[in-house]
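In what follows, a single structure is set out as structure tokens and then discussed.
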Amino acid sequence: MSTGMEQLYQQLILDHAKHPAHRGAQEAYDVEVHHVNPTCGDEVTLRVRLDAGAAGGPVIGELTWTGQGCSISQASASVMSQAVAGGSVEHALALSDDFRELMDSRGVLPEKFEGDGLAEEMEDAVAFVGVARYPARIKCALLGWAAMKDAVAQAAATTTTGEDGR
1236 MSTGMEQLYQ QLILDHAKHP AHRGAQEAYD VEVHHVNPTC GDEVTLRVRL DAGAAGGPVI
1296 GELTWTGQGC SISQASASVM SQAVAGGSVE HALALSDDFR ELMDSRGVLP EKFEGDGLAE
1356 EMEDAVAFVG VARYPARIKC ALLGWAAMKD AVAQAAATTT TGEDGR
């Protein structure tokens, strides 16, 4: 990866950390989860509300988060929320798996992310490819994504059983 791209990705991460998307605590939600990175103390609290999708599967009707920690954890939560809010749960889980693969890449962008396809779909998430070179920071980048997967699973179980998560 060129130095210019690395600088662009670093700037994108800093921008998301300073101006995070979907940060806040919505009032109407199905589930709230709180995840902590025990290695460094990063924290993310995520609230999600699922809605019925047009195709019958659930969609992420609303997703908000609050947290504290390093720029990487906060920026990654912001990027995750932008990528999955309003989309299907199935798509959000697939993006989470793709992000995990990106974090397992050791800093080399996997071929499937090159070109217009998946890289565009992953939006700003590909900016974290450089983080994958630093094993101690991978947990920081994955924190928000893990919280989203947990929240979506709990919300799906809650809406299936009819329980109220508040």
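Counting in my numbering, the sequence shown runs without a single skipped number right up to 1401 at its last residue. Every residue, glycine too, gets a C-beta built ideally from N, C-alpha and C. This structure is a prediction, so every number in the text was calculated from the model and none was measured.
When the Cα atoms are used, what is the spatial distance from residue i to residue j?
| i | j | result |
| --- | --- | --- |
| residue 1382 | residue 1277 | 12 Å |
| residue 1300 | residue 1314 | 11 Å |
| residue 1263 | residue 1249 | 30 Å |
| residue 1366 | residue 1298 | 25 Å |
| residue 1284 | residue 1295 | 6 Å |
| residue 1242 | residue 1271 | 28 Å |
| residue 1396 | residue 1363 | Bear in mind that a pLDDT of 48 at residue 1396, under 50, signals an unreliable position, so the model cannot answer this. |
| residue 1378 | residue 1332 | 13 Å |
| residue 1259 | residue 1312 | 12 Å |
| residue 1375 | residue 1322 | 24 Å |
From which residue to which residue does the alpha helix (DSSP H) around residue i run?
| i | result |
| --- | --- |
| residue 1333 | 1324-1338 |
Need the endpoints of the beta strand (DSSP E) that residue i sits in, please.
| i | result |
| --- | --- |
| residue 1303 | 1293-1303 |
| residue 1283 | 1278-1287 |
Mapping DSSP to helix, strand and coil, what is residue i?
| i | result |
| --- | --- |
| residue 1262 | coil |
| residue 1361 | helix |
| residue 1257 | coil |
| residue 1245 | helix |
| residue 1268 | strand |
| residue 1314 | helix |
| residue 1393 | helix |
| residue 1273 | coil |
| residue 1368 | helix |
| residue 1401 | With a pLDDT of 43 at residue 1401, under the threshold of 50, the modelled position of this residue cannot be trusted; read the value that follows with caution. The answer is coil: DSSP assigns residue 1401 none of H, G, I, E or B. |
| residue 1343 | coil |
| residue 1379 | helix |
| residue 1290 | coil |
| residue 1388 | helix |
| residue 1320 | coil |
Using a threshold of 8 Å, state whether the C-beta atoms of residue i and residue j are closer than that.
| i | j | result |
| --- | --- | --- |
| residue 1256 | residue 1309 | no |
| residue 1302 | residue 1280 | yes |
| residue 1372 | residue 1342 | no |
| residue 1251 | residue 1359 | yes |
Should residue i be flagged as near chain B, meaning a C-beta pair shorter than 8 Å?
| i | result |
| --- | --- |
| residue 1327 | The structure shown has no chain B; it contains just one protein chain. |
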